[in-house]
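Read the structure below first, then the notes.
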Amino acid sequence: MSKKPRTYIRFSLARRIEHLTMLLSFSALGVTGLVQKYAASDLSIAIVNLVGGIENLRTIHHLAAIVMMFGTMYHIILAGYHVFVKRSRLSMLPALQDIKDGWQALRYNFGLAKSYPQMGRYTFEEKLEYWAFVWGTIVMGLTGFMMWNPVTTA
Numbered sequence: 000m001s002k003k004p005r006t007y008i009r010f011s012l013a014r015r016i017e018h019l020t021m022l023l024s025f026s027a028l029g030v031t032g033l034v035q036k037y038a039a040s041d042l043s044i045a046i047v048n049l050v051g052g053i054e055n056l057r058t059i060h061h062l063a064a065i066v067m068m069f070g071t072m073y074h075i076i077l078a079g080y081h082v083f084v085k086r087s088r089l090s091m092l093p094a095l096q097d098i099k100d101g102w103q104a105l106r107y108n109f110g111l112a113k114s115y116p117q118m119g120r121y122t123f124e125e126k127l128e129y130w131a132f133v134w135g136t137i138v139m140g141l142t143g144f145m146m147w148n149p150v151t152t153a
């Protein structure tokens, strides 16, 4: 009989709730936004009917946007606190080592390197995903604000 593998909790409960909140709001915005963009498709019509009409869908979309913006503000404030008050490192910023790790991982995947790179707390893949999410949030936030307030942004 083997021992049960050890489990390490990587993030605090608050960080896990933050991740879940951002995941759900970003996903809800993606789904409800695409449904509105491609309203004539059969899948979009089914989803609109499932939520009780286009007004309900738009309400869900707007609520998800509000949740995501509050989540973003929370994340920025918390990051600022950790950097400026607790003097933590900016560990999610890409570094030269990430490029080296990515190159070694690519070589390993093609059978050209003997080992996969040993990485720190955040891998280059996680950093790429984080920054893709950051830019996606910025683009969704700005374009969403412009469409929600067309007179203000005209």
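Under numbering that gives the first Met the number 0, the residues of the sequence shown are numbered 0 to 153, in order.
Don't be surprised by glycine CBs; every beta carbon is placed ideally from N, CA and C.
Predicted model, so just to flag it, every value in this text is computed and none were measured.
- A straight line joining the alpha-carbon of Gly70 with that of Tyr121 spans about 21 Å.
- DSSP places Thr20 inside the alpha helix (DSSP H), whose first and last residues are Leu12 to Lys36.
- Under the three-state reduction of DSSP output, Ile98 falls in the helix class.
- Contact between the stretch 6 to 17 and the stretch 41 to 55 is absent: fewer than three C-beta pairs spanning the two stretches fall below 8 Å.
- Around the Cβ of Ser24, a 10 Å sphere holds 16 or more other Cβ atoms; the residue is buried.
- In this chain, the alpha helix (DSSP H) harbouring Ile46 covers Asp41 to Leu49.
- The stretch 66 to 82 makes no contact with the stretch 34 to 53, as fewer than three CB pairs between them are under 8 Å.
- Leu19 is positioned such that its CB atom lies no closer than 7 Å to that of Ala63.
- Taking C-beta separations shorter than 8 Å and ignoring five residues to either side along the sequence, the partners of Arg106 in its chain run Ala112, following chain order.
- Phe123 counts as buried, since at least 16 other C-beta atoms from the protein chains shown sit within 10 angstroms of its C-beta.
- By the neighbour-count criterion, in which 16 or more other beta carbons inside 10 Å mark a residue as buried, Gln117 falls on the exposed side.
- Where Ile8 is concerned, there is no enclosing alpha helix (DSSP H), because DSSP gives it neither an H nor an E.
- Exclusion of the five residues before and after Tyr115 leaves Ala104 and Tyr107 as the residues of its chain whose Cβ lies within less than 7 Å of its Cβ.
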